[in-house]
Amino acid sequence: MKLSHESIEINAGLMIVLTLIAISIGGLVEIVPLYYIKDTIEKVDGVRPYTPLEQRGRDIYIREGCYTCHSQMIRPFRDEHMRYGHYSLAAESKYDHPFQWGSKRTGPDLGRVGRKYSNAWHTQHLNNPRDVVPESIMPNYPWLLRNELDYADVADRMRALKVVGVPYSETEEEYLANVDQFGATMAEQFDINRAELSLLAQAQSEDWDGDRSRLTEMDALVAYLQVLGTMVDFTQYDEGYFAEFR
Ligand code: HEC
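Note that my numbering numbers the sequence shown so that position 19 is 20, with each residue one more than the last.
What follows is the structure in structure tokens.
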């Protein structure tokens with residue numbers, strides 16, 4: 002007997018089986034190529050993993066739930082480009098586990114907030130946003146200045162990130178591969194065995210929270226905010242349509 006459309010529609014079991022087959026084929030066609038195309042995420046110069054200090058700042062960002070009001074994903078629309086800068090590239094969040102994209106913007110997108118303000122501005126703003134933006138509805142985070150930064154487990158945190166693909170190094174071989182890819186100064190910072198040392202060195206390198214004598218959670222969070230969106234030099238790429246807004 003010929004299988005007419007009607008006989009499929011009145012037979013729930015057959016309908017379910019055929020629907021599943023149709024969806025599986027569609028799924029395979031969409032998903033499988035992503036595993037084989039090498040440049041699903043295009044390589045972009047300048048993008049590097051976070052240093053241990055920035056990484057601890059990122060942990061605090063997630064702990065405090067900053068993502069509930071802030072996205073880190075600038076969409077390729079003219080208005081967003083004019084407000085925030087170049088739209089976010091996939092490669093820019095390739096070391097973000099978990100990523101901080103999203104569409105919940107009670108506050109502005111932070112994808113390119115790095116170096117937009119001074120360290121002192123961020124410290125004051127996080128301590129009490131209304132000190133610098135009188136109409137702000139952002140909560141105060143005064144404990145960030147009081148809490149000493151706990152970095153005892155920073156090496157373990159980097160090991161965990163390595164499992165999901167961040168190229169932190171533990172062996173000489175991995176270290177040398179990082180030197181090739183990111184340069185010697187950066188590769189030092191991705192060395193899990195020296196994680197605490199490089200965290201302390203970076204904390205000392207700049208006056209993040211206005212007090213060099215202590216290492217606080219504010220130091221780490223400001224170091225993280227200041228790197229957001231600054232890794233890629235867009236003057237190399239920005240030509241044509243978007244260049245006119247620079
Ligand atoms: C209840 C929502 C809310 C939460 C939670 C929140 N923010 Fe905000 N944030 C805002 C709003 C609204 C603004 C805009 C007004 C202002 O600048 O204070 C803002 C502004 C900012 C800015 C300035 C952005 C710019 O381009 O001017 C930064 C940086 C920032 N927030 C960081 C953070 C961090 C870090 C956290 C977590 C510790 C956080 N925010 C948590 C709502 C929030």
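For each residue, glycine too, the CB sits at the ideal point set by N, CA and C.
Taking the CB atoms as reference points, tell me whether residue i and residue j lie closer together than 8 Å.
i	j	result
Ala-224	Leu-216	no
Leu-150	Asp-220	yes
Tyr-152	Glu-207	no
Lys-105	Cys-70	yes
Leu-222	Ile-61	yes
Gly-86	Arg-49	no
Leu-226	Gly-66	no
Ser-137	Pro-130	yes
Asp-210	Leu-111	no
Leu-229	Gln-73	yes
Val-45	Leu-90	yes
Tyr-68	Gly-108	no
Ile-193	Ser-214	no
Gly-47	Val-233	yes
Any heavy atom of the ligand HEC inside 7 Å of the beta-carbon of residue i?
i	result
Val-228	no
Gly-66	yes
Ile-11	no
Tyr-88	no
Lys-105	no
Thr-231	no
Met-159	no
Ser-5	no
Met-139	yes
Pro-135	no
Tyr-51	no
Leu-150	no
Leu-222	yes
Starting from residue i, trace the alpha helix (DSSP H) in both directions and tell me its first and last residue.
i	result
Glu-55	53 to 64
Asp-220	218 to 228
Trp-144	144 to 147
Thr-20	13 to 37
Glu-136	Unbroken run through Glu-136: none, as it is neither H nor E.
Asn-128	120 to 128
Asp-80	79 to 85
Ser-8	6 to 10
Quick check for students: name the residue ranges of the alpha helix (DSSP H) that lie wholly in the stretch 153 to 223, counting only runs of 4 or more.
155 to 164, 173 to 183, 185 to 190, 196 to 206
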